[in-house]
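Residue numbers (this note's numbering): 12 to 316.
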């Protein structure tokens, strides 16, 4: 087991940031660690990377205890914090060589060149870090997290500030890394979770509220049906809302509408009859697949309006 957390609690004064948190992450998994701001995500990651101690419970990374064997933990873990700390006056290659020296890597220059290529820093490698865009600074942070070839990678908001092209490249990089390493990442981008993660852990107010495979989590929380329908002209919203079983009606764009019902009510036949009765033509209709974002909002108390 790459990461094992048992009954971890952490207090900041009277505030309980983590409350009896337990979970495991297996070798080769890419796990999304999700939660609203202030839920305890960064606190948990800082404990796992030995930046702060827990107040109760135990945690281990790659078999080493984070409290009593912190040096061993740091040898086997790569960490990209939420606020990426970098020496802005250093050049990219100079900084990476400095990090490689801290890890006492025997093939320092070769490893730096590999990281520059792996994270797409070739064009920027001779610049000062302070001159880089936020996206390229994230790449430098990823390079330093990977340079010592860690068995476990812990990434706190790794794609912050990346443009769509960079985002796709970093996602592919994380996906490749996940084939050989354990990756635990936090993000607020739910599409990223669906694209990358084998499993999702959701934390809310310091407690785990969900822990399952991404696909299973979506299926198990399927308590409503969402249908998108486009008519040739605008229907009467109030008449739509009066259809049996309809809970919510929202006009998305033009004459495309989102209709939400209870899970056991398939509204599609009623929508076709509604169109005929009101002299409307259905141009398109589809059932919308449930997204991690919907599950997240329900479990963290933020309902979709």
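Every residue, glycine too, gets a C-beta built ideally from N, C-alpha and C.
The shortest C-alpha to C-alpha distance from residue 164 to any of 246, 92, 288 and 291 is the one to 92.
The beta-carbon distance between residue 35 and residue 15, rounded to whole angstroms, is 5 Å. This is short enough to meet the 8 Å contact definition.
Rounded to the nearest angstrom, the Cβ distance from residue 68 to residue 19 is 4 Å, consistent with a contact under 8 Å. According to the DSSP secondary-structure assignment, residue 153 is paired through a beta bridge with no residue. The continuous beta strand (DSSP E) containing residue 259 extends over residues 257-264. With contacts defined as CB atoms closer than 9 Å, residue 70 and residue 217 fail to qualify as a contacting pair. Nearest to residue 27 by alpha-carbon distance, out of 65, 13, 56 and 61, is 65. The Cβ atoms of residue 140 and residue 97 lie closer than 9 Å to each other.
With a contact defined as Cβ atoms closer than 8 Å, residue 272 and residue 236 qualify at about 5 Å. Taking a 10 Å sphere around the C-beta of residue 264, we find fewer than 16 other C-beta atoms and assign the residue as exposed.
Measuring C-alpha to C-alpha distances from residue 56 to each of 266, 80 and 166 identifies 166 as the nearest. Put simply, of 303, 308 and 247 the residue whose alpha carbon is nearest the alpha carbon of residue 282 is 247.
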